[in-house]
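First to last, the protein sequences are chains H and F. Residues in the first sequence are numbered consecutively from 1, following UniProt numbering. Residues in the second sequence are numbered consecutively from 1, following UniProt numbering.
There are 2 protein chains.
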Amino acid sequence: MISVEQVASLHKAMAEDDTLVLEQLVIDIQPADLAEFVRNQLPELGLKILTYLPLEARADVFGYLGVASQCALAEEMTEKGLSQLFVHMNSDERADLFNGLSEIKRQSILRRLAKEEREDIRRLASYEEGTTGSVMSSDYVTLMAGTDVAQALEVVRHTAPNAETIYQIFILNEKKQLVGVLSLRQLILAKPEALIDKEMTKELVSIHANETREEAARLISRYDLLALPVVDDNQCLVGIVTYDDAMDVAEAEATEDMHRGASIGPSNEGFGQASIRSLYTRRVNWLVLLVFANILSGAGIAFYEEMIEAYVVLVFFLPLLVASGGNAGSQASTLMIRGLATGDIAIKNWGRLFIRELIVASFLGLTMAVAIIGIGFWRGGIEIAQVVAYSMLAIVLVGSLIGLTLPFLLLKVGWDPATASGPLVTSIADIIGVLIYFAIATSILAF
Amino acid sequence: MISVEQVASLHKAMAEDDTLVLEQLVIDIQPADLAEFVRNQLPELGLKILTYLPLEARADVFGYLGVASQCALAEEMTEKGLSQLFVHMNSDERADLFNGLSEIKRQSILRRLAKEEREDIRRLASYEEGTTGSVMSSDYVTLMAGTDVAQALEVVRHTAPNAETIYQIFILNEKKQLVGVLSLRQLILAKPEALIDKEMTKELVSIHANETREEAARLISRYDLLALPVVDDNQCLVGIVTYDDAMDVAEAEATEDMHRGASIGPSNEGFGQASIRSLYTRRVNWLVLLVFANILSGAGIAFYEEMIEAYVVLVFFLPLLVASGGNAGSQASTLMIRGLATGDIAIKNWGRLFIRELIVASFLGLTMAVAIIGIGFWRGGIEIAQVVAYSMLAIVLVGSLIGLTLPFLLLKVGWDPATASGPLVTSIADIIGVLIYFAIATSILAF
């Protein structure tokens, strides 16, 4: 983190317009920290700070900003300044920025770039959002099969300044198809006259550019990769995804899952920076939808109005029973959703998981029925105690099984299973809980 | 993933005890995939598969197993086999395994190892669980300040086979204090006669061994590091944390946060493998606790029993109003908790966030009051419509502010703020919702 002294010095030097001090200050701060500082300034001021950095470092800091801030700054920049930045940015980051710019800015940038870079930007920017292609980089090192180790090291040295990683080297055949991967470690340890074909790893993990970026992140995490090669339909190498991009994707996915579980819509901006308007929009739809779901619970209650008038004591246990079903259901759905997201469970295991949940939920329901039976007796006598205990068991069981099943059903119809955690499961469990409770009450109280 | 054909071939070769085929098969499968296959076998069988691998690859596959499976296999191994494995395992993984073994196994292993490795295991295994020290590795490359680039490359070549990463090289002064870091990329690009002191990066990010491992993962993600150096009180280098360990920590943290948000206790095993007993234990405590929290809601209702008898229609809106407060609260708490976990917001921003939430929640409450007022009028006339609308506004507002505040309070007293998402916030919002509803009803209906 940037220190308080550094912030104070920055503000002081900016106020005094002391170029020499500023140049020294900004180069000493970690790029990620300086980016955070820049993001919290007004665009003109942020832009001014960036200009004190040499071009390489400026592109580096700019890369840490996030697309929203990048676009705000890009609007303030001259055509020349922006296209210089474009040349030095990582290929994946500049493609994202390109997609965020206005059409006029885009055209003016493309005009100023060399043909090769223009095509690179167009190609990377053309992948649909959410695909591996949309997060991949084209700054990597390739070698042709048949090269020897000494030549290979020369190529790596030559490419090093421009590649995002030189630690994984990708080996292509004459058709540009990916045939192997070689780590710099393997290369350094190999004899100079050996052929790289002998040294490279042929059993490699790769991904198609149209697969989801979450799948790319999962592969990188599962196989502990530094960089995952991305291929097209013909097994030709079209890009790489590096471990640091995978970390960002995994973090964004976990955040989105948690938010969805609390019925909050997705967003690209951080919670700290989010506007009142966007927070309202992301939250209101589900809340209102859940209101109407809960009106169904109310309708269930209205249906039993006469019984409630006869046994007002039943109302006393209503929130408790209904909440217990929702809580057990939300536990089951959360376990399922996270298990599916981390790849710990698969959809084919559903049968076994259902039976296990049936057993676990039965024990949970029994425990909670025992916990509540005494209060039932105290408040309403033996019959009410029975109603409450049986209802608790049934509601916890049904709630848990709904929580387990719903994520699977959503996955089957192509929705994000994370939608099923939290309020949605709770609301469904609520409605069913009300019906179970009053049905059991009707049968035991013989109303 | 391991293919169906590979699994079939493995089973066939095992049944026929065909060593040659097995040796070829296991070496072609990715270590992570083979580990998954081994984990799903009985220990004796899993052990047998591992023996078909050369020692290096065996240690690699073993490292992917997870501590629980490792310990089960270790119990089946001979002393010699296990200590051979120990020599070839990554230092961080073997320290974790060591901590999972029985005291007898530990002593027998230590006796068979060289002094240096014995001390390394003892040292790494001594850090408290959850600290950076407990996940760090001691297999890294160091250089003394003052070395030249050509010498440095020699050292790297020499150390490469045993180091976890050779892509980040750590530079120490004569007191063994960390003074700089050099990437292999920088080293390869530098002139052979240059001093590494000129080439290395001096503004480095490091962490103390007693800091939490989550903080280490956050630093690695924030600064896009390959390896984070870990230091002691004297700034001496004692270990490194690599990016792949950071990914595992971040994934485990997100899982734990989500589970805690659904009131599920933590666990080291995956959901797919979890036993009925452990699932019951992790879920029952909070469920029963929440039962007693909800009894308070019931008590609130009991207090207003006479009013309910007079206006049964109020019960119709009870689940709806109470759930809305809980839902809004759970949205606010989830946004806060995730923002705190990703470092997107800080505890010092609380005041600003509170005011923003006050405005957002007011709009949300108004929208929901409008959504419900018609049904209130239809079911109970103008007075009930008023009660329901005012209650909705007040309950959503209060629920949201509780959801925002609770994670901060928990953080202040040293608890995990993730405890505050889901059922805990919902239960508190429930109780307060019941009280608000009937208080407003009492005042408007002049009961």
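Every residue gets a Cβ at the ideal spot worked out from N, C-alpha and C, and that includes glycine. Given the structure is predicted, the values throughout are model-derived calculations rather than measurements.
With distance defined between alpha-carbon atoms, name the residue in F:95, F:93, F:61 and F:109 nearest to residue 75 of chain F. F:109
Can you tell which of H:112, H:106 and H:391 has the C-alpha that lies nearest to the C-alpha of residue 125 of chain H? H:106
With a cut-off of 8 Å, do at least 3 Cβ pairs link the region 426-443 of chain H to the region 353-373 of chain H? no
Which bits of chain F does residue 264 of chain H rub up against, with CB to CB less than 7 Å? 331, 334 and 335
On the DSSP letters alone, give me the boundaries of the alpha helix (DSSP H) that residue 51 of chain F sits inside. 43-51
Classify residue 388 of chain F as buried or exposed, calling it buried when 16 or more other Cβ atoms lie within 10 Å of its own Cβ. buried
Say whether chain H places a C-beta atom closer than 9 Å to the C-beta of residue 259 of chain F. yes
Starting from residue 107 of chain F, trace the alpha helix (DSSP H) both ways and give me its first and last residue. 103-112
For the region 10-36 of chain F, which residues have a beta carbon sitting closer than 7 Å to at least one beta carbon of chain H? 28, 30 and 32
Contacts that residue 312 of chain F makes with chain H (C-beta to C-beta distance below 7 Å): 305, 308 and 309
Which residues in chain F sit within 8 Å of residue 288 of chain H, going by Cβ to Cβ distance? 367, 368 and 371
DSSP has residue 229 of chain H in a bridge; who is on the other side? H:240
Given a cut-off of 9 Å, decide if residue 45 of chain H and residue 62 of chain H are closer than it, judged by their beta-carbon atoms. no
What's the C-alpha gap between residue 139 of chain F and residue 129 of chain H? 39 Å
Report the three-state DSSP secondary structure of residue 492 of chain H (helix, strand or coil). What the structure shows of chain H is the stretch from 1 to 447, and residue 492 of chain H is not part of that stretch, so it cannot be assessed.
Delimiting residues of the alpha helix (DSSP H) encompassing residue 303 of chain H: 276-303
With a threshold of 9 Å between beta carbons, is residue 43 of chain F in contact with chain H? no
Answer yes or no: does any C-beta atom of chain H fall closer than 9 Å to that of residue 317 of chain F? yes
Residue 86 of chain F to residue 149 of chain F, Cα distance in whole Å? 33 Å
I want to verify the contact list: residues of chain F whose CB lies under 9 Å from the CB of residue 427 of chain H, in sequence order. 323 and 327
How should residue 378 of chain F be labelled, buried or exposed, when 16 other C-beta atoms within 10 angstroms of its C-beta is the threshold for buried? exposed
Do you know whose CA, among F:121, F:235 and F:268, lies nearest residue 210 of chain F's CA? F:235
State the start and end residues of the unbroken alpha helix (DSSP H) segment that holds residue 444 of chain H. 423-445
Just to confirm the assignment: which complete alpha helix (DSSP H) runs, minimum length 4, are found wholly within the UniProt domain "CBS" (136-198) of chain H? 149-159 and 184-189
State the Cα-Cα distance for the pair residue 186 of chain H and residue 41 of chain F, rounded to the nearest angstrom. 33 Å
Do you know how far the Cα of residue 327 of chain F is from the Cα of residue 257 of chain H? 16 Å
Presumed contact (8 Å Cβ cut-off) between residue 168 of chain F and residue 216 of chain F, rounded CB distance: Not really, about 14 Å apart at Cβ, beyond 8 Å.
What's the call for residue 409 of chain H, buried or exposed, on a 16-neighbour Cβ count within 10 Å? exposed
Excluding the 5 residues flanking residue 23 of chain F on each side, which residues of the same chain have their C-beta closer than 7 Å to its C-beta? 52
Expressed to the nearest angstrom, what Euclidean distance is found between the alpha-carbon atoms of residue 65 of chain H and residue 413 of chain H? 36 Å
Output the distance between the C-alpha atoms of residue 56 of chain F and residue 35 of chain F, rounded to the nearest integer angstrom. 14 Å
Figure out for me which residue from F:134, F:218, F:92 and F:6 has the closest Cα to the Cα of residue 343 of chain F. F:218
C-beta contact flag for residue 267 of chain H and residue 231 of chain H at 9 Å: no
Express the C-alpha separation of residue 396 of chain H and residue 121 of chain F in angstroms, rounding to a whole number. 47 Å
In chain H, which residues lie less than 9 Å from residue 118 of chain F when you measure between Cβ atoms? In chain order: nothing, as chain H lies at least about 27 Å away.
Which same chain residues, not among the five before or five after residue 147 of chain H, have their C-beta less than 6 Å away from its C-beta? 196
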